[in-house]
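For what it's worth, full-length UniProt numbering labels the leading residue of the sequence shown as 1, then goes sequentially. Scroll down for the structure; my scribbles are underneath it.
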Amino acid sequence: MVPVRLGGEGLNPIYESCLYALFTHDLCIGIIGGRPKHSLYFVGFQEESLIHLDPHLCQDAVMVTQPVFPVSSYHCSSPRKMALSRMDPSATLGFYCHSRTDFLRLMEELPEILTPKQPGFDYPIFEFVDGRCEDTDACTRQVSTEDQMAASLPRDTPLLPQDSEEFVFL
1 MVPVRLGGEG LNPIYESCLY ALFTHDLCIG IIGGRPKHSL YFVGFQEESL IHLDPHLCQD
61 AVMVTQPVFP VSSYHCSSPR KMALSRMDPS ATLGFYCHSR TDFLRLMEEL PEILTPKQPG
121 FDYPIFEFVD GRCEDTDACT RQVSTEDQMA ASLPRDTPLL PQDSEEFVFL
């Protein structure tokens, strides 16, 4: 699972071709995304629409001890679609690698899929890099004076005013 942000307020159209291509890769198991305040699980596409399942759909419990149970317990009554352009830019891409060989193949094949084809846009959705977290500046940075001061405050002390619009990067 790889969480991504594919635009600011809305989905950046340069990534649309990349998302369609992801669904054609045999190691992609779908995309968790949706619209603002309504999450969906996208499992494929048809023309310019994404086919999705709604994880909030309630169904009757199935007696799995029975040898046969209703097909309706694991099928939708009708497929649902949503235009890709309506998708929220926050999403999580899902991949399943059964073996190390699958993972190495994914690392080899994804860079081309994840990079938009438009001239001048060579910024991929995400990329693989060699190394470990300890090798990056984020993991080895020195604790700043501000961090030390924040750590000395009681836990319930707000670090920013309640009406602050500043972002915190995790």
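Ideal Cβ placement from N, Cα and C applies to all residues, glycine included. Note that this is a predicted model, so its numbers are computed, not measured.
- Residue pairing for residue 63: DSSP places it in no beta bridge.
- Between residue 87 and residue 34, the C-beta gap is smaller than 9 Å, which places the two residues in contact.
- By the CB criterion at 9 Å, residue 39 and residue 56 fall inside the cutoff.
- Residue state for residue 125 is assigned as coil, using DSSP reduced to three classes.
- Collapsing the DSSP output to three states places residue 18 in a helix.
- Residue 3: member of the beta strand (DSSP E) spanning 2-5, first to last residue.
- A Cβ-Cβ separation of about 5 Å places residue 107 in contact with residue 128 under the 8 Å criterion.
- Rounded to the nearest whole angstrom, the CA to CA distance from residue 4 to residue 124 is 11 Å.
- In the displayed model, residue 92 falls within a strand according to three-state DSSP.
- Apart from sequence neighbours up to five positions away, the residues of its chain that approach residue 79 with a beta-carbon distance below 7 Å are 51, ordered along the chain.
- DSSP, reduced to helix, strand and coil, places residue 68 outside both helices and strands of the structure shown, so it counts as coil.
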